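Undergrad: To convert, note that position 126 of the sequence shown is 285 in our numbering; the numbers rise steadily by one, no gaps.
My questions will all concern the structure given below.
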Amino acid sequence: MTGTIEVQTERHPAPYGSPEELRAALLDAGLLVATRTDGVYHRSGEFEGVLQAVERYAADQREDATAPRRWFPPVMAREDFLRTDYLRSFPDLVGSLDVFSGGDKEHRALLAELEDGGDWTTHLTPAEVVLSSSICHSLYGTLPTDVPAAGLLTECCGFAFRHEPSLDPARMQSFRMYEFVLVGTPDQAVAHRDAWLRRGRDSLAALGLPVRVEAANDPFFGRVGRMLAANQLTAELKYEVVLDVTDARPTAISSANYHEDHFGLPFGLTTPDGGVAHSSCFGYGLERITLGLFATHGLAVSAWPDEVRSTLSC
Ligand code: ZN
160 MTGTIEVQTE RHPAPYGSPE ELRAALLDAG LLVATRTDGV YHRSGEFEGV
210 LQAVERYAAD QREDATAPRR WFPPVMARED FLRTDYLRSF PDLVGSLDVF
260 SGGDKEHRAL LAELEDGGDW TTHLTPAEVV LSSSICHSLY GTLPTDVPAA
310 GLLTECCGFA FRHEPSLDPA RMQSFRMYEF VLVGTPDQAV AHRDAWLRRG
360 RDSLAALGLP VRVEAANDPF FGRVGRMLAA NQLTAELKYE VVLDVTDARP
410 TAISSANYHE DHFGLPFGLT TPDGGVAHSS CFGYGLERIT LGLFATHGLA
460 VSAWPDEVRS TLSC
């Protein structure tokens, strides 16, 4: 497709031996606070301060100052979620929400179930919203369906939920990303993805992070999923900016995705020539970049190199 993305596979020495070792160091330093649930953390003031600096830094990388910016809530319309087809490809990662919509009688039944230690969730019904699985999923259903000739560029930020309990602090169940999303022609979408991959990589390297670009695929579910993942690699749809945080597999701290017509088709987005719009996005993983900064430069911001602190204004 592009053939011009410089992919590197050579690893750098990692500051931590294992994800468990990194997790213990972050908890000891009080940067993260563990909860009853693996992969769900409270962030300290210092951690959140750096994360917000990273978010501002990511937003400052914009080239087009006229692109609208949107901050999304952690939930999105169930109907839009179904259109993204995420349920088909990643059923194991989905977070669906239930609500109580009964009256007094149903409430009494729920309380009785609760008293008996039974399954009270059977008294709930699916809500009209679900947890967002990817930031840009919230966007497509709200865009004008007639995409202008120049394409539609939108910046968006928000939470994503993935149900994958893990002791690797880089694999949180709930995390934020800052994304640059382009909807337009196939050429515009690919050009956006490729330009952002380089700009994103360089902006992360400027934070003193020894990053590199790798070709990647999503963790599609099941047997059919393994085929989809192989196709995604062959078609060069996904790249990641990775960092060696531990000796385990490299940590993707940003990703660049060309979606082809995956969202344009179900959301009815069309280009002026009558074609189905294609889309692409580049996302800065805010928690993972923050983790990478602490792992690389040390667990106290006060001891970080001056250039990094001044670049981030933190
Ligand atoms: Zn996206």
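Beta carbons: idealized from backbone N, C-alpha and C, even for Gly.
It should be emphasised that the depicted structure is a prediction, and the values quoted were computed from it without experimental measurement.
How far does the alpha helix (DSSP H) with R267 in it extend, from its first residue to its last?
TA: Note, R267: alpha helix (DSSP H), 263-274.
Undergrad: Sorted by chain position, which residues of the same chain lie with C-beta nearer than 6 Å to I448's C-beta, five sequence neighbours on each side aside?
TA: V213, I412
Undergrad: What first and last residue would you give for the alpha helix (DSSP H) that runs through Y398?
TA: From DSSP, Y398 is part of no alpha helix (DSSP H) but of the beta strand (DSSP E) over 397-402.
Undergrad: The ligand ZN and I164: does any heavy atom of the ligand fall closer than 7 Å to the residue's C-beta?
TA: no
Undergrad: Check the DSSP bridge columns for E222 and list the partner residues they point to.
TA: In the DSSP output, where bridge partners are listed per residue, E222 has none listed.
Undergrad: Which residues, in chain order, sit with a beta-carbon under 7 Å away from any heavy atom of the ligand ZN?
TA: S293, I294, C295, E338, V340, N416, C440, G442
Undergrad: Identify every residue that forms a DSSP beta bridge with C440.
TA: V340, N416
Undergrad: What number of angstroms, rounded off, separates the C-alpha of A236 from the C-alpha of E466?
TA: 42 Å
Undergrad: Judging by CA-CA distance, which residue of R468, A375, V401 is the nearest neighbour of G444?
TA: V401
Undergrad: Does the region 185-204 come into contact with the region 309-328, if we say contact requires no fewer than three beta-carbon pairs (one atom in each stretch) closer than 8 Å?
TA: yes
Undergrad: When we look at the beta-carbon of K264 and count the other beta-carbons within 10 Å, is it buried (16 or more) or exposed?
TA: exposed
Undergrad: What does DSSP give as the partner residue(s) for V234 in the beta ladder?
TA: For V234, which the question treats as bridged, DSSP gives the partners L290.
Undergrad: Excluding the 5 residues preceding and the 5 following E399 in the sequence, name in chain order all residues of the same chain whose CB lies nearer than 6 Å to its CB.
TA: For E399, where only same-chain residues beyond five positions count, the Cβ hits under 6 Å are E373, A375, A411, S414.
Undergrad: So, using beta-carbon positions, are A173 and D406 closer together than 8 Å?
TA: yes
Undergrad: So, at 6 Å on beta carbons, what are the nonlocal neighbours of R170 in its own chain, with the 5 sequence-adjacent residues on each side left out?
TA: D403
Undergrad: I'd like the list of long-range same chain contacts for P409, defined as Cβ closer than 6 Å, with 5 residues on each side in sequence excluded.
TA: V401, D403
Undergrad: Please classify M386 as buried or exposed, where buried requires at least 16 other C-beta atoms within 10 Å of its C-beta.
TA: By the neighbour-count rule (16 or more Cβ atoms within 10 Å), M386 is not buried but exposed.
Undergrad: Near M160, what residues of its chain come up, given a Cβ to Cβ distance below 6 Å and the 5 sequence neighbours on each side ignored?
TA: Here the model assigns M160 a pLDDT of 43, short of 50, so the residue's position is not dependable and the matter cannot be decided.
Undergrad: Work out the CA separation of E287 and F240 for me, nearest whole Å.
TA: One C-alpha to the other measures close to 10 Å.
Undergrad: Output the boundary residues of the alpha helix (DSSP H) element that contains R358.
TA: Run containing R358: 345-364, per the alpha helix (DSSP H) assignment.
Undergrad: Once DSSP output is grouped into helix, strand and coil, what is the label at R229?
TA: strand
Undergrad: When the Cα atoms are used, what is the spatial distance from S248 to T284?
TA: 24 Å
Undergrad: Taking Cβ positions, are V340 and C316 nearer each other than 8 Å?
TA: no
Undergrad: Can you tell which of G451, F379, A348, V460 has its C-alpha closest to the C-alpha of A436?
TA: Minimum Cα distance to A436 is reached at A348.
Undergrad: Under 8 Å, do T455 and A365 count as touching if we go by C-beta distance?
TA: no
Undergrad: With which residues is L450 paired in a DSSP beta bridge?
TA: None, per the DSSP bridge assignment.
Undergrad: Please classify M160: does DSSP put it in a helix, a strand, or coil?
TA: At M160 the pLDDT is 43, less than 50, meaning the model places this residue with poor confidence; the figure from the coordinates comes in the next sentence. Of the three classes helix, strand and coil, the one that applies to M160 here is coil, per DSSP.
Undergrad: Closest Cβ-Cβ distance between I412 and chain D: below 8 Å?
TA: Included in the structure is just one protein chain, with no chain D present.
Undergrad: Taking 8 Å as the threshold (C-beta atoms), are P328 and L210 in contact?
TA: no
Undergrad: Can at least three beta-carbon pairs, one atom from the region 329-336 and one from the region 352-362, be found at a separation below 8 Å?
TA: no
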